[in-house]
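Everything on this sheet refers to the single structure shown next.
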Amino acid sequence: MPKSRAQKAHILKDLGIKVDDAKSIIFAKISGLGVKDNEMLRKQLRAEKSEFVVAKKTLIDLALSKKVENFDPKKLEGQIAAIFSYEDEVVPAKVLAKFKKEFEGKIDFAGGVLDNKFIFAEQAMELAKMPSKQELYAKLVGSINAPVSGFVNALAGNLRNLVYVLKAIEEKK
26 MPKSRAQKAH ILKDLGIKVD DAKSIIFAKI SGLGVKDNEM LRKQLRAEKS
76 EFVVAKKTLI DLALSKKVEN FDPKKLEGQI AAIFSYEDEV VPAKVLAKFK
126 KEFEGKIDFA GGVLDNKFIF AEQAMELAKM PSKQELYAKL VGSINAPVSG
176 FVNALAGNLR NLVYVLKAIE EKK
């Protein structure tokens, strides 16, 4: 059953709010994805503070046209779902890449929006290979902590060597 003008206006308003709040948007080409699979993907995305929305391309175009550079809905083929990420820009691409491996042929990358610029499917796939914010924070903390731990190990090594020397002298006598 077709949607009324009021329903479409409500969907458009909702999409506009989601676009404003999202740090990144990944478009997924969906075909033949069952209800259980769809719900499983939604659940995985909710756990990562992301949202999976299926809407008509014309409504997505209207919601993005003034906010995104180089966006052309003709670049998106087939039935499209938008995945909005509210915390980490990389997470929806990672979840989609993992899901794509599991359900080959039913879901695929169609493009995305990052920093208010349209990115193509290949770029969205590359985004999935990047480390998440949490992984980058862990690497940063490890890099900052490395000199301190090295210094502590060097000091502990001198004390350890002194203990070994004293033990060797004790065994000799």
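Heads up, the sequence shown is in my numbering, so the first residue is 26 and it goes up one at a time.
Where is the CB? At the ideal position from N, CA and C, for every residue including glycine.
In this structure, the CA atom of Ser75 is about 7 Å from the CA atom of Ile108. Closest in C-alpha terms to Phe124, from the list Ser110, Asn63, Ile194, Ala31, comes Asn63. The Cβ atoms of Ala149 and Phe134 sit closer than 7 Å to each other. Around Leu37, the same chain offers Leu84, Leu87, Ala88 as residues with beta carbons nearer than 8 Å, after the five sequence neighbours per side are excluded.
Val60 counts as exposed, since fewer than 16 other C-beta atoms from the protein chains shown sit within 10 angstroms of its C-beta. Assigned with DSSP and collapsed to three states, Leu139 falls in strand.
Below 8 Å, too few C-beta pairs join the region 96-103 and the region 27-34 to call them touching: fewer than three.
Spatial neighbours of Gly41 in its own chain (CB-CB distance under 8 Å, excluding positions within 5 residues in sequence) are listed in chain order as Ala88. Residue ranges of uninterrupted beta strand (DSSP E) with 3 or more members, entirely inside the region 60-94 and ordered along the chain, are 75-79. Taking C-alpha positions only, Lys126 is separated from Glu73 by approximately 19 Å.
Inside the region 123-172, DSSP marks whole alpha helix (DSSP H) runs of 4 or more residues at positions 146-154, from first to last along the chain.
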